[in-house]
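J.:
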Amino acid sequence: MAESLRFDDQPQTLVLHGDLDRETLLPLWRQRAELLKGKTAIDVAQLRRVDSSGLALLVHLRAEQLRNGVELKISGATDRLKTLIALYNLQEIMPVETQG
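If you use UniProt numbering, the sequence shown corresponds to residues 1 to 100, in order.
1) Exposed or buried, which one is Ile74 when buried takes at least 16 other CB atoms within 10 Å?
2) Gly18: which of Gln46, Gln31 and Leu81 sits nearest, CA to CA?
3) Are there 16 or more other CB atoms within 10 angstroms of the CB of Thr83, so buried, or fewer, so exposed?
4) Quick check: Val50 and Leu20, are their CB atoms within less than 7 Å of each other?
5) Grouping DSSP H, G and I as helix and E and B as strand, with all else coil, what is Gly18?
6) Look up Lys73 in the DSSP assignment and give the residues it is bridged to.
7) Output the boundary residues of the beta strand (DSSP E) element that contains Asp8.
The following block contains the structure:
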């Protein structure tokens, strides 16, 4: 069973906690415009799990911010998330900063 997704709204960073998957992403999707206002980064270091649906959401959020003129950084990526990005060959459109 997926752990719920929680988010902390910090000044320029949205910090995600828990699991980001098809079972938990709906609240983030619904609030994305408000949550991303003024944000330049999403910190994913506290995520336990990200599935392909969660990755698709991150790609969409990044693309949406780029359309608004904001280069949204994804920081704290785990090896598992980097592997998922590589499996879908998304390294160029989904650059991530590593954990730690």
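Glycine residues also receive a C-beta, built at the ideal position from the N, C-alpha and C atoms. Since we're looking at a predicted model, the values are computed, not measured.
T.: Checking against the coordinates, here is how it stands:
1) Translated into the one-based positions of the sequence shown, residue 74 becomes position 74. With 16 or more other Cβ atoms within 10 Å, it is buried.
2) Translated into the one-based positions of the sequence shown, residue 18 becomes position 18. Among Gln46, Gln31 and Leu81, the Cα nearest to that of Gly18 is on Gln46.
3) Mapped onto the sequence shown, residue 83 falls at position 83. With fewer than 16 Cβ atoms within 10 Å of its Cβ, Thr83 is classed as exposed.
4) By 1-based counting over the sequence shown, the position of residue 50 is 50. By 1-based counting over the sequence shown, the position of residue 20 is 20. Their beta carbons are under 7 Å apart, which means Val50 touches Leu20 by this criterion.
5) Position 18 of the sequence shown holds residue 18. In the structure shown, Gly18 sits in a strand (DSSP, three-state: E or B).
6) Translated into positions along the sequence shown, residue 73 becomes position 73. Note: Lys73 sits in a beta bridge opposite Ala41.
7) On the sequence shown, residue 8 is found 8 positions in, with the first residue counted as 1. Arg6 to Asp9 is the span of the beta strand (DSSP E), which, as asked, contains Asp8.
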